[in-house]
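Numbering (this note's numbering), first residue to last: 111 to 382. Beta carbons are placed, not taken as given, at the ideal position from N, Cα and C, and that holds for glycine. Worksheet: the structure to be examined is printed underneath.
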Ligand code: DGL
């Protein structure tokens, strides 16, 4: 398994924040990224629909012979992870569990906030994961859907973004949380602004960074890390025309994306 790539998928471009962390932690690994740009957003859709999309994409990546799957999308992790684990035999890593674990580790008061899409918050997946680790924790959640288009537009430090953050986050500030989980792929881009609005007493937990650590641990445990001397290649697939993905993706990844290919999942299934 050592030489196979790590598969990563998201509803669109946001999962590149997770890819960036994985490539940073494990620069020797090849990755195959799938962004479902034709069907984004997932955050507003039902668990059934998101689970069906997640199954189709996982089949696509498994046909490309990946050694481990990272569900970078918080919404898909929140609703589809048990199904994917049941249906596929490769290790499947979501972003919820690593983020929850880190939040419990760093919180002193046990009052933990979680922000995410409407779908993620409605699922209560973070609340359940945190309470499994610390039953006495108090979890306060808030859906912040407008952060997604703001991050994609690059509006991460202007008056509109600041007012939006203040409006969404005030109730978490009032509740006196000491830790806030950024439970959405897009939120790391707004991290400086969210930190400023929350104030210095609140620790921000970035699920993307924690997930990269989990991936490294699992691959090391299974002894299928590529040698440090290798340099990984990164391949990108999207389900709509690549132009928008490339434009926004360069910003999310913090560097230029390599080649991006458009695929039709139905055609791909027939070919294999
Ligand atoms: N990737 C999604 C998430 O992390 C955000 C964008 C969407 O709604 O699809 O939940």
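Does the beta-carbon of residue i have 16 or more other beta-carbons within 10 angstroms, so that it is buried, or is it exposed?
i, result
"residue 212", "buried"
"residue 216", "exposed"
"residue 268", "exposed"
"residue 274", "buried"
"residue 160", "buried"
"residue 151", "buried"
"residue 262", "buried"
"residue 353", "exposed"
Residues in the same chain with beta-carbon distance under 7 Å from residue i, minus the five sequence neighbours each way, listed in chain order, please.
i, result
"residue 191", "181, 202 and 204"
"residue 287", "221, 222, 223, 250 and 312"
"residue 264", "361"
"residue 243", "210, 211 and 214"
"residue 239", "206, 207 and 210"
"residue 282", "223, 250, 252 and 290"
Return the chain-ordered list of same chain residues with a C-beta closer than 8 Å to the C-beta of residue i, the five sequence neighbours on each side being excluded.
i, result
"residue 197", "165 and 168"
"residue 324", "203, 207 and 208"
"residue 301", "292, 314 and 316"
"residue 194", "164, 165, 168, 179, 181 and 202"
"residue 237", "224, 249 and 251"
"residue 341", "137 and 138"
"residue 372", "347, 348, 349, 350, 351 and 352"
Figure out for me which residue from the options has the closest Cα to the Cα of residue i.
i, options, result
"residue 365", "120, 161, 131 and 334", "131"
"residue 289", "338, 308 and 258", "308"
"residue 138", "237, 354, 357 and 343", "343"
"residue 370", "376, 355 and 363", "355"
"residue 112", "176, 228 and 158", "176"
"residue 296", "135, 377 and 153", "153"
"residue 257", "336, 347, 240 and 304", "304"
"residue 329", "237, 157, 200 and 284", "200"
"residue 322", "306, 134 and 120", "134"
"residue 232", "122, 245 and 186", "186"
"residue 115", "279, 331, 335 and 260", "335"
"residue 363", "318, 281 and 157", "318"
"residue 227", "284, 294 and 327", "294"
"residue 375", "219, 260 and 145", "145"
"residue 118", "379, 299 and 171", "171"
"residue 306", "143, 272, 358 and 331", "272"
Is residue i near the ligand DGL, in the sense that its beta carbon is under 8 Å from a heavy atom of that ligand?
i, result
"residue 254", "no"
"residue 152", "yes"
"residue 210", "no"
"residue 184", "yes"
"residue 204", "no"
"residue 120", "yes"
"residue 227", "yes"
"residue 264", "no"
"residue 125", "yes"
"residue 230", "yes"
"residue 296", "yes"
"residue 258", "yes"
Which residue marks the beginning of the beta strand (DSSP E) containing residue i, and which one marks its end?
i, result
"residue 139", "Looking at the DSSP string, residue 139 is not in any beta strand (DSSP E), and its letter there is neither H nor E."
"residue 371", "370-372"
"residue 165", "Careful: residue 165 lies outside any beta strand (DSSP E), inside the alpha helix (DSSP H) at 157-173."
"residue 316", "313-316"
"residue 119", "116-120"
"residue 197", "It is not in any beta strand (DSSP E) - residue 197 instead sits in the alpha helix (DSSP H) that spans 184-197."
"residue 221", "221-226"
"residue 289", "289-293"
"residue 348", "344-348"
What is the residue span of the alpha helix (DSSP H) that residue i lies within?
i, result
"residue 303", "301-308"
"residue 376", "375-381"
"residue 152", "Residue 152 -> no alpha helix (DSSP H), and no H or E assigned at all."
"residue 249", "Element bounds for residue 249: not the alpha helix (DSSP H) but the beta strand (DSSP E), 248-253."
"residue 272", "269-284"
"residue 176", "First-last for residue 176: undefined, no H or E at that position."
"residue 357", "353-363"
"residue 216", "206-216"
Is residue i near the ligand MN, judged by its Cβ being under 8 Å from some heavy atom?
i, result
"residue 354", "Ligands displayed in this structure: the ligand DGL; the ligand MN is not among them."
By Cβ distance, which residues of its chain are closer than 6 Å to residue i, with the 5 residues on each side in sequence left out?
i, result
"residue 350", "147 and 148"
"residue 320", "208, 209 and 212"
"residue 368", "344"
"residue 254", "225 and 278"
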